[in-house]
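Colleague: Residue numbering for the sequence shown follows numbering that gives the first Met the number 0, beginning at 0 and increasing consecutively. Built from N, CA and C at the ideal position, the CB exists for glycine as well.
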Amino acid sequence: MEAKRVLQLLADGEVQAAEDVADHLGISVIQLLRHLDELDEYGLSVERSSGGGLHIPLGVELLDAEIVMEGMTEDARALLGELGVLWSTPSTNADIARLPALKEGARVIVAEHQSAGKGRRGKSWVSPIACNIYLSVGWQFERGVEVLEGLSLVVGVLVCDTLAQFGVSDLSLKWPNDVLRNKRKLAGVLIEVTGDPSGPCTAVIGLGVNVRVPVSAQASIEQAWADLSDEQGVTPSRNTLIAAFLSRLLPTLVSYPDEGFGHWRERWMRLDANAGAKVRVLSQMDQCRYGVARGVDEHGALVLQTEAGIEKVYGGEVSLRSAD
0 MEAKRVLQLL ADGEVQAAED VADHLGISVI QLLRHLDELD EYGLSVERSS GGGLHIPLGV
60 ELLDAEIVME GMTEDARALL GELGVLWSTP STNADIARLP ALKEGARVIV AEHQSAGKGR
120 RGKSWVSPIA CNIYLSVGWQ FERGVEVLEG LSLVVGVLVC DTLAQFGVSD LSLKWPNDVL
180 RNKRKLAGVL IEVTGDPSGP CTAVIGLGVN VRVPVSAQAS IEQAWADLSD EQGVTPSRNT
240 LIAAFLSRLL PTLVSYPDEG FGHWRERWMR LDANAGAKVR VLSQMDQCRY GVARGVDEHG
300 ALVLQTEAGI EKVYGGEVSL RSAD
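#1: Assign His112 to buried or exposed, taking buried as 16 or more other Cβ atoms, counted over all protein chains shown, within 10 Å of its Cβ.
#2: Does Ile26 get closer than 9 Å to chain E when you measure Cβ to Cβ?
#3: Just verifying my parser: in three-state terms, what is the DSSP assignment at Ser151?
#4: Unbroken beta strand (DSSP E) runs of length 3 or more, entirely within the region 171–253: which are they?
#5: According to DSSP, is Thr305 helix, strand or coil?
#6: Would you tell me roughly how many angstroms separate the C-alpha atoms of Ala105 and Val203, rounded to the nearest one?
#7: Which of the three DSSP states, helix, strand or coil, is assigned to Cys287?
#8: If you draw a straight line from the C-alpha of Ile128 to the C-alpha of Leu9, how long is it?
#9: Would you say Leu227 and Leu185 are within 9 Å of each other, going by their C-beta atoms?
#10: Quick one: Cα of Arg183 to Cα of Val291, how far?
#11: Within 10 angstroms of its Cβ, does Tyr289 collect 16 or more other Cβ (buried), or is it exposed?
#12: Alpha carbon to alpha carbon, how far is Val109 from Leu85? Give it in angstroms, no decimals.
#13: Looking at the unbroken beta strand (DSSP E) that takes in His112, where does it start and where does it end?
#14: By the 10 Å Cβ neighbour count, where 16 or more other Cβ atoms means buried, how is Gly166 classified, buried or exposed?
#15: Applying the criterion that 16 or more other CB atoms from any shown protein chain within 10 Å of the CB defines a buried residue, is Glu69 buried or exposed?
#16: Any idea what DSSP makes of Phe165, helix, strand or coil?
#17: Can you find the residues in the same chain that come closer than 8 Å, C-beta to C-beta, to Pro196, ignoring five residues on each side of it along the sequence?
#18: If I measure Cβ to Cβ from Trp263 and keep anything under 8 Å in the same chain, skipping five residues before and after, which residues do I get?
#19: Using CA atoms only, rank isn't needed, just tell me which of Val5, Arg247, Trp174, Asp177 is closest to Leu43.
#20: If you draw a straight line from the alpha carbon of Leu82 to that of Arg247, how long is it in whole angstroms?
#21: Could you pull out every residue in the same chain whose Cβ sits closer than 7 Å to the Cβ of Leu62, ignoring the five residues on either side in sequence?
#22: In or out: Lys102 buried (at least 16 other Cβ within 10 Å) or exposed?
#23: Measure the C-alpha to C-alpha separation of Ser282 and Ile241 and round it to an integer number of angstroms.
#24: Do the CB positions of Val136 and Cys159 come within less than 9 Å of each other?
Below, the structure written as structure tokens:
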């Protein structure tokens, strides 16, 4: 965990002498350099000057459970059963999935770094340390899997609402679970469900948001991406963003079984990135269908206008791409 202590000392972005940092930690400069190499492996490079200075441009904000909870609304805090902050983990979704469901409230895990973060269709989610949001929420539903139809789409709406609260613009949603900024991927949602199709079930809601992607990690991203940094590289506080998102999400998880996706459909449609566009839909078996995207139905299924008529495409291993 020495790499964590190094990052804590350099988090303010000020230039510090390597000797001073090593002395503060009670280690040698050689050991310090090894920990800097470890941070490099985590996806965050510390700049090193020829004079021995160490510097993280713009600094970093480390996650803090107390700050997150203080920033949540009172109603949302009452629905929070447990909040854990991890330094590094393979996957926050996997962490929650292997724990027993809480009898009451949400179990939330956020991490500074993921070594095996995943998106849909088995793709990896690039997760440099202390830069972005890697968050998972575990929630027990009593009425079965069918009440969760369209939930991933609703989470996307909540992400857009949260970001708009902080002045982030040019947001849209790509069915079924991508949040875009300027038509580039900003965030992704991954929901995994276990339990009885007609009885109690547990949903693990995973969210990854690019807050500020460091230069060292950009080449690893295999698609057009966006983050929340402005022209000067300044970003909203990760702790404040998480608090605001949970304040929207947790009450929604309570009301969703009664409301269903129909309550949210029009809001999702207003954010639809592909409304009226020619698209091709790829299934898990690499089957391809072409048509015009006509939004979603009351269950969250994609409505596709094809030469044969209207078809509906449901969630699962499906990818939506522009046909142009």
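Modeller: This is what the structure gives:
#1: Taking the first residue of the sequence shown as position 1, residue 112 is located at position 113. Counting Cβ neighbours within 10 Å, His112 comes out buried, since at least 16 surround it.
#2: In the displayed structure, chain E is absent; only one protein chain is listed.
#3: Within the sequence shown, residue 151 is the residue found at index 152, counting from 1. Three-state DSSP puts Ser151 in a helix.
#4: Runs found: 177–180, 183–194, 200–208.
#5: Position 306 of the sequence shown holds residue 305. Looking at Thr305 - three-state DSSP - the assignment turns out to be strand.
#6: Counting from one through the sequence shown, the residue named residue 105 turns up at place 106. Counting from one through the sequence shown, the residue named residue 203 turns up at place 204. Answer to the nearest angstrom: the Cα atoms are 10 Å apart.
#7: For this step, residue 287 is matched to residue 288 along the sequence shown. DSSP, read as helix, strand or coil, puts Cys287 in strand.
#8: Translated into the one-based positions of the sequence shown, residue 128 becomes position 129. Translated into the one-based positions of the sequence shown, residue 9 becomes position 10. Those two C-alpha atoms are separated by around 14 Å.
#9: On the sequence shown, position 228 is the one that residue 227 refers to. On the sequence shown, position 186 is the one that residue 185 refers to. For the 9 Å CB-CB criterion, Leu227 and Leu185 form a contact.
#10: As a first step, residue 183 must be located in the sequence shown, where it is residue number 184. As a first step, residue 291 must be located in the sequence shown, where it is residue number 292. When rounded, the separation of the alpha-carbon atoms in Arg183 and Val291 is 20 Å.
#11: Counting from one through the sequence shown, the residue named residue 289 turns up at place 290. Flag for Tyr289 reads exposed.
#12: Working through the sequence shown from its first residue, we reach residue 85 at position 86. Working through the sequence shown from its first residue, we reach residue 109 at position 110. Straight-line Cα distance between these residues: approximately 6 Å.
#13: Counting from one through the sequence shown, the residue named residue 112 turns up at place 113. Segment 105–113, the beta strand (DSSP E) holding His112.
#14: On the sequence shown, residue 166 is found 167 positions in, with the first residue counted as 1. Gly166 is exposed by the Cβ-count criterion.
#15: In the sequence shown, the residue the question calls residue 69 occupies position 70. Burial call: exposed.
#16: Stepping through the sequence shown from its first residue, residue 165 is reached at position 166. DSSP, reduced to helix, strand and coil, places Phe165 outside both helices and strands of the structure shown, so it counts as coil.
#17: Counting from 1 along the sequence shown, the entry for residue 196 is found at position 197. Only Gly143, Val144, Glu145 meet the Cβ criterion.
#18: Numbered from 1 along the sequence shown, position 264 holds the residue referred to as residue 263. Answer for Trp263: Gly149, Leu152, Val153, Val156, listed in chain order.
#19: On the sequence shown, residue 43 is found 44 positions in, with the first residue counted as 1. Of the listed residues, the one whose Cα sits closest to Leu43 is Val5.
#20: If you number the sequence shown from 1, residue 82 lands on position 83. If you number the sequence shown from 1, residue 247 lands on position 248. Taking the straight line joining both Cα atoms gives about 16 Å.
#21: The count along the sequence shown starts at 1 and reaches residue 62 at position 63. Excluding residues within five positions, the ones whose Cβ falls inside 7 Å are Val84, Val109, Glu111, Arg237, Asn238.
#22: For the purposes of this step, residue 102 is taken as residue 103 along the sequence shown, with counting starting at 1. So Lys102 ends up on the exposed side.
#23: Numbered from 1 along the sequence shown, position 283 holds the residue referred to as residue 282. Numbered from 1 along the sequence shown, position 242 holds the residue referred to as residue 241. Approximately 33 Å, taken between the alpha carbons.
#24: The residue you call residue 136 lines up with position 137 of the sequence shown. The residue you call residue 159 lines up with position 160 of the sequence shown. With respect to Cys159, Val136 sits apart: the two C-beta atoms are not nearer than 9 Å.
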